[in-house]
Amino acid sequence: MSEATMTESAPLVLGNKTLGAVTREICEPMERKPNSLWWAAFCVSSTMLLAGTIAVTYQVATGIGTWGLNRTVGWAFDITNFVFWIGIGHAGTLISAILFLFRQKWLTAVNRSAEAMTIFAVMCAGTFPLIHMGRPWLAYWMFPYPNTRGSLWINFRSPLVWDFFAISTYFLISLTFWYVGLVPDLATARDRARHPLRKRVLGFFSLGWVGSFKTWHRYELVYLLLAGLAAPLVVSVHTIVSFDFATGVIPGWHTTILPPYFVAGAIFSGLAMVLSLLLIARKVAHLEDYITMRQIDPMAKLMLTTGLIVGFAYATEVFMALYSGNPYEQFASINRAMGPMAWAYWTMVTCNVVIPQLLWFKAVRSNLILLFIITIFVNIGMWFERFVIIVISLHRDFLPSSWASYTPTVIEVATLIGSFGLFFTCFLIFCRLLPMISIGEIKGVLRTHD
Amino acid sequence: MHYDRDSVEVERTGRHVRLARTQKYQSLDVPAEQQLPGGRRRPNVEQTTLAAYQNDPKAGHHLHFEGETLWPDDHRYTGHHWGLIIDLNKCTGCSACAVSCQAENNVPVVGRDEVRRSSEMHWLRIDRYYTGEGADVDVLYQPMMCHQCDNAPCETVCPVIATAHSDEGLNQQVYNRCVGTRYCANNCPYKVRRFNWFNYAHPDKVQNLAMNPDVTVRTRGVMEKCSFCVQLIQSAKLEAKRRGVELADGDIQTACQQSCPSKAIVFGDLNDPKSAIAKATESPRCFQVLAELNVRPTVGYLRVVRNREGGEEHNHHV
């Protein structure tokens with residue numbers, strides 16, 4: 129297998145391709161009819177989405193009581209899923225904005241799909257704050273819009289309002305950034321299109337791209353500026369999400385370590401998801417020559433790095449709690465590791481700290497099946513991290529009389545499954561409709577251009 | 156008259172039924188395997204012995220909030236400042252307060268299944284703790300309702316300002332504005348906020364006759380909690396205004412206070428130095444729960460004094 133070529137001098141694109149071959153190979157998956165593998169995946173993911181839609185419809189029609197929440201645990205699967213999905217998105221922005229600004233050429237082959245993943249993940253995340261409301265039909269009250277209710281306004285002190293701004297900014301900038309990056313490729317696809325309708329639609333979205341030197345020059349400037357705008361979001365969005373907890377008084381939430389801890393965790397989980405998806409997509413869409421060890425290896429290393437930061441954060445959190453002299457904080461920490469839901473805590477530690485240590489070994493990083501399994505563990509572990517922070521902190525707080533437990537209902541599990549369905553359905557449609565790799569950019573890193 | 160019935164037999168079915176209960180056999184001690192030095196016992200109910208009390212009336216008192224506060228002192232209560240004090244020595248845990256609160260405030264009765272899911276709606280509950288071991292067990296009752304904190308953690312987190320502070324120190328819940336994020340309930344250290352998980356009200360004409368017309372019936376998806384019987388405060392204020400007299404101490408009797416057979420609950424204006432509540436706050440037995448969080452609750456308690464020998468029961472400080 130070609131994965132053996134891992135050195136810096138190895139070409140980013142294998143197989144000595146001509147420029148024409150690159151265009152053809154990348155455009156092919158969206159021009160031919162979908163294969164049976166795609167259909168199978170689409171059937172599964174859209175069924176999951178349907179299950180989630182039914183669950184959410186039932187919940188909105190009946191009440192939040194269809195979830196397993198109670199007087200003590202007011203958030204569980206809903207906000208866990210929200211933070212999980214927001215975190216997933218971060219790797220896309222890291223790759224396409226920050227690594228782009230650092231001129232890391234290897235990201236060229238993966239930034240398009242990573243950024244697409246960001247957008248779909250933010251869409252999944254965005255549904256949860258909406259459906260977790262007792263009266264979701266009044267969600268527009270979160271907007272600071274001029275109204276006829278006198279002095280009634282939103283509460284700028286509430287972290288939920290900051291969330292609203294952080295996430296809507298994140299979504300809009302990611303979408304713009306992604307779309308601008310797509311324009312030259314949409315023009316390529318337009319020029320190859322045979323069906324007049326396809327030509328028209330692609331022509332509309334490619335904004336009359338002609339590919340002149342001047343157009344390219346301006347395009348690259350805009351792209352650079354947008355990358356600069358998107359870069360701070362990698363840090364800001366999850367910092368603000370962590371404020372939901374850090375500003376609370378609940379032991380286990382009330383801690384200043386959460387912002388950096390959340391950002392590292394977000395990138396960690398996001399890289400795991402990018403790798404899980406790409407390892408499948410390169411096989412399904414026959415893009416082995418483009419997504420090579422030159423992309424996979426640095427992402428695995430980044431995952432190891434952020435995983436170590438996350439592990440360090442766990443240790444620091446325990447130390448700070450025990451050292452604080454505050455019995456509530458100390459108990460919250462002990463209760464995570466030894467309480468009735470300790471299994472969730474240890475699942476988190478195993479998946480996020482223990483298993484990723486395998487990535488120190490080159491042999492593991494280049495064994496794609498093993499790597500795929502590790503990424504799945506990290507995804508599971510990062511979901512449990514949020515569950516631990518939210519549910520285990522809430523279920524036993526200050527007054528022992530209010531201590532309660534939490535068990536998810538079928539509706540909540542179906543909603544989680546549905547969010548994965550939404551994510552994969554969107555991603556599969558993306559694979560069919562848009563070029564998965566930036567044709568314009570990948571040509572710049574072909575060996576012939578070095 | 157003659158009553159007749161068949162003989163009754165009791166037999167083992169082998170089936171188990173989970174009891175629906177709102178209070179369990181909880182202890183103030185955290186579970187033994189999770190105890191750390193200094194963190195064995197939760198300090199939320201204070202108790203002492205008569206001997207210790209006679210020696211020092213403040214015996215059994217814990218450390219309270221110490222340190223700088225980031226909150227500016229810019230919300231002074233110039234008019235009324237409502238507060239409530241419960242004498243735990245008088246409380247027998249009879250639950251009359253909880254029932255009258257339920258009747259006064261149209262609090263939904265949710266039934267067995269919801270209670271099993273810890274989703275009961277009581278605005279006022281009686282926390283019950285056991286201390287001691289074996290046959291030598293003491294029981295502590297602590298009526299617990301919204302503490303109307305002056306630095307309320309619930310108010311800052313609501314995105315739509317559905318819960319706000321009044322100029323009389325009440326933490327008001329605005330049902331119409333609530334969108335139901337439940338953030339306030341999560342951030343409440345006393346866990347006294349109650350969420351309408353379902354639409355509990357039914358268009359039942361007979362049942363509706365039992366409703367208090369002065370209190371809004373809440374719809375599903377909104378948060379609710381103890382209001383210090385704000386409707387009674389308002390009507391007493393209006394009555395005083397109509398008569399052209401000053402509102403006197405004792406004019407306002409909250410539902411829980413009215414029904415307490417041992418008169419353990421005192422409600423009134425903390426700003427009125429002659430009021431019964433102002434006197435109660437000066438008692439050496441007065442303490443506040445979770446005051447160390449600097450939430451500045453306006454509900455206080457009077458410490459339990461046990462009529463027995465021995466020193467003060469040692470409670471660890473926070």
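Chains G and Z are the protein sequences, given in the same order.
With my numbering, the residue at position 189 of the first sequence is 317, and numbering never jumps.
With my numbering, the residue at position 107 of the second sequence is 262, and numbering never jumps.
No residue lacks a Cβ here, since even glycine has one placed at the ideal position from N, Cα and C.
Item                                                                                                                                                          : Value
Is it buried or exposed, Q187 (chain G), if we count other Cβ atoms within 10 angstroms and call 16 or more buried?                                           : buried
Expressed to the nearest angstrom, what Euclidean distance is found between the alpha-carbon atoms of K571 (chain G) and C171 (chain G)?                      : 34 Å
Please state whether DSSP places S182 (chain Z) in a helix, a strand or coil.                                                                                 : strand
Could you tell me which chain Z residues have their CB closer than 7 Å to the CB of N163 (chain G), listed as they occur along the chain?                     : Here the premise fails: no neighbours, minimum Cβ distance about 44 Å.
P298 (chain Z) by DSSP, collapsed to three states: which one?                                                                                                 : strand
For the putative contact between R196 (chain Z) and L183 (chain Z), defined by C-beta atoms under 8 Å, what is the C-beta separation to the nearest angstrom? : 5 Å
Check whether chain G comes within 8 Å of K346 (chain Z), counting only Cβ atoms and requiring the distance to be less than that.                             : yes
Can you tell me which of the three DSSP states N331 (chain Z) falls into?                                                                                     : coil
At a Cβ threshold of 8 Å, is T371 (chain Z) touching chain G?                                                                                                 : no
Tell me the residue span of the alpha helix (DSSP H) that contains T304 (chain G).                                                                            : 287–320
DSSP puts Q147 (chain Z) in a beta bridge; with which residues?                                                                                               : Since the first residue shown for chain Z is 156 and the last is 473, residue 147 (chain Z) is missing from the structure and cannot be characterised.
Helix, strand or coil: which one does DSSP assign to R170 (chain Z)?                                                                                          : coil
So that I know if they touch, is there some Cβ in chain G lying closer than 8 Å to that of Q181 (chain Z)?                                                    : yes
Three-state secondary structure (DSSP) at Q202 (chain Z)?                                                                                                     : strand
Does the contact criterion of 3 or more C-beta pairs under 8 Å hold for the segment 521–539 of chain G versus the segment 201–217 of chain G?                 : yes
Touch check for the segment 439–452 of chain Z and the segment 210–222 of chain Z: three-plus C-beta pairs under 8 Å?                                         : yes
Find the residues of chain Z that neighbour M270 (chain G), judging by a C-beta separation of less than 8 Å, and give them in chain order.                    : P314, V315, V334
Whose CA, out of Z:C304, Z:T374, Z:H235, lies closest to the CA of N331 (chain Z)?                                                                            : Z:T374
Report yes if the C-beta distance between T304 (chain G) and L354 (chain G) is below 8 Å; otherwise report no.                                                : yes
What does L239 (chain Z) pair with, by DSSP beta-bridge criteria?                                                                                             : Z:F422, Z:V454
Please report the straight-line C-alpha distance between M366 (chain Z) and I281 (chain Z), rounded to a whole angstrom.                                      : 23 Å
Taking only beta-carbon atoms, is T311 (chain Z) less than 8 Å away from chain G?                                                                             : yes
Measure from the C-beta of Q178 (chain Z) to each C-beta in chain G and report whether the shortest distance is under 8 Å.                                    : yes
May I have the straight-line CA-CA distance separating R398 (chain Z) from K392 (chain Z), to the nearest angstrom?                                           : 10 Å
For F442 (chain Z), which residues does DSSP report across the bridge?                                                                                        : Z:Y456
Which residue marks the beginning of the beta strand (DSSP E) containing Y273 (chain G), and which one marks its end?                                         : It is not in any beta strand (DSSP E) - Y273 (chain G) carries neither H nor E in the DSSP assignment.
Could you give the DSSP three-state label for V292 (chain Z): helix, strand or coil?                                                                          : strand
Just how far apart, CA to CA, sit V289 (chain G) and N283 (chain G)?                                                                                          : 7 Å
At a Cβ threshold of 8 Å, is R285 (chain G) touching chain Z?                                                                                                 : yes
Do you know how far the Cα of H216 (chain Z) is from the Cα of V473 (chain Z)?                                                                                : Since pLDDT at V473 (chain Z) reaches only 32, below the 50 mark, its modelled position is unreliable, and the value read off the structure follows with that caveat. Cα to Cα, the separation comes out at about 11 Å.
By Cβ distance below 6 Å, which residues in the same chain neighbour C343 (chain Z) in space, the five residues on each side in sequence not counted?         : C309
Just checking: is the beta-carbon of S340 (chain G) within a distance shorter than 8 Å of some beta-carbon in chain Z?                                        : no
Along the beta strand (DSSP E) that carries T318 (chain Z), what are the first and last residues, could you check?                                            : 318–320
I want to know whether the segment 215–222 of chain G touches the segment 279–297 of chain Z - three or more CB-CB distances under 8 Å.                       : no
In chain G, what lies closer than 9 Å to N199 (chain Z) by C-beta?                                                                                            : F526, L527, P528, S529
CA-CA distance, A374 (chain G) and Y232 (chain Z)?                                                                                                            : 30 Å
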